[in-house]
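Student: Residue numbers (my numbering): 166 to 393. Beta carbons: idealized from backbone N, C-alpha and C, even for Gly. The structure that follows is given in the form of structure tokens.
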Amino acid sequence: MRLSRDLVLERKASYLLDHYMNLHAAMVGVAIGVAGLAAANIFTFRGPDADLPLRVLLLGISLLITANIYMGLMVGGLILPGSAPSGLDFLLPFMIGMLEFVLFGFLAIKPDSTQTASTSIRGWFIAFIALALLAAVAIMWARRHVRPERYTDDQNAMVAEYRQRLLADFRGAVFAAVVGCIGLTLEYFSVSNWFYYVCPGLLVAGLLVGIAEHQRTASKIALHLDGE
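Right, dumping it as structure tokens:
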């Protein structure tokens with residue numbers, strides 16, 4: 166069977182979205198498997214360096230940021246225009262998935278000393294900061310794809326609102342990276358009082374808000390597409 170131009174264009178219409186969804190879904194599947202190992206390690210280790218409350222918080226944050234990234238991709242997929250993937254389209258989901266794996270990996274390490282425990286926590290913060298910054302890059306790259314000229318005039322309002330939503334997501338990702346940097350600094354200086362837990366608490370709250378906003382955006386897009 167010879168491929169016609171129409172068939173190639175039909176494939177192009179969904180190729181970019183399928184690429185993102187399939188690759189990221191595969192990477193997330195691996196990361197969630199490691200998350201199970203991390204949870205088993207956290208809840209079964211009872212050594213002097215366990216630091217259970219903090220590790221439970223970090224596990225929750227890891228799950229929440231993974232959920233935020235995946236939900237953002239699913240919501241954006243509703244209106245992502247057809248396009249041939251570029252180099253960054255191949256690299257971004259791969260690197261994001263790898264960092265999600267690393268994030269859970271640091272929590273799956275069973276510390277055998279204070280030094281190992283501290284190193285794994287610092288490693289987690291570094292991976293989180295890198296993931297948040299990479300998510301910010303991915304968001305702005307997605308905004309580059311979602312341009313008004315790629316849609317018909319009746320979609321202009323929806324596209325403009327979604328582009329504003331992406332800017333809010335970008336600010337949220339940068340905020341998460343900044344809070345992560347503060348948490349890393351506090352860990353580096355061995356701050357052990359209650360203030361240390363403010364950063365993870367802020368991240369949990371911010372990521373929960375992010376999930377709610379993704380849901381709200383999805384509902385708005387669905388209403389618009391239904392003509393309401």
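1) Using a Cβ-Cβ cutoff of less than 6 Å, which residues in the same chain neighbour residue 389 once the five nearest sequence positions on both sides are dropped?
2) To the nearest whole angstrom, what separates the beta carbons of residue 297 and residue 345, a pair I think is in contact under 8 Å?
3) Could you spell out where the alpha helix (DSSP H) holding residue 354 opens and where it closes?
4) Can you tell which of 239, 199, 311 and 240 has its C-alpha closest to the C-alpha of residue 268?
5) Starting from residue 240, trace the alpha helix (DSSP H) both ways and give me its first and last residue.
6) Give the single residue among 194, 342 and 367 whose Cα lies nearest to the Cα of residue 262.
7) If we call anything under 8 Å between Cβ atoms a contact, is residue 317 one with residue 265?
8) From 308, 216 and 228, pick the residue whose C-alpha is nearest to that of residue 284; which is it?
9) Work out the CA separation of residue 303 and residue 196 for me, nearest whole Å.
10) Any idea what DSSP makes of residue 245, helix, strand or coil?
11) Pop quiz: residue 315 and residue 365 are said to be a contact at Cβ under 8 Å. What is the actual Cβ separation, rounded to whole angstroms?
12) Any idea if residue 311 is buried or exposed, counting beta-carbon neighbours within 10 angstroms, 16 or more meaning buried?
13) What's the gap between the Cα of residue 218 and the Cα of residue 259?
14) Helix, strand or coil for residue 274? Go by DSSP, reduced to three states.
15) Using beta-carbon positions only, say whether residue 287 and residue 353 come within less than 8 Å of one another.
16) Which one of 371, 381, 329 and 221 has the shortest CA to CA distance from residue 337?
17) Give me the residue from 294, 339, 275 and 271 with the minimum Cα distance to residue 349.
Tutor: With the given structure in hand:
1) Contacts found: 323.
2) Sure, about 6 Å apart at Cβ, within 8 Å.
3) First-last for residue 354: undefined, no H or E at that position.
4) The shortest CA-to-CA distance from residue 268 to any of 239, 199, 311 and 240 is the one to 199.
5) Taken as a continuous stretch (DSSP letters only), the alpha helix (DSSP H) holding residue 240 covers 217-241.
6) Nearest C-alpha to residue 262: 194.
7) Note that the C-beta distance between residue 317 and residue 265 is not below 8 Å.
8) The shortest C-alpha separation from residue 284 is found at 216.
9) Distance between the alpha carbons of residue 196 and residue 303 is about 19 Å.
10) DSSP places residue 245 in coil when its eight states are reduced to three.
11) Between residue 315 and residue 365, the beta carbon gap of about 40 Å keeps them out of contact (Cβ cut-off 8 Å).
12) Residue environment analysis places residue 311 among the buried positions, since at least 16 neighbouring C-beta atoms fall within 10 angstroms of its C-beta.
13) C-alpha of residue 218 to C-alpha of residue 259: approximately 31 Å in a straight line.
14) Of the three classes helix, strand and coil, the one that applies to residue 274 here is coil, per DSSP.
15) Yes, these two residues count as a Cβ contact at 8 Å.
16) Selected option, being the one with the closest Cα: 371.
17) Sorting 294, 339, 275 and 271 by C-alpha distance to the C-alpha of residue 349 places 294 at the top.
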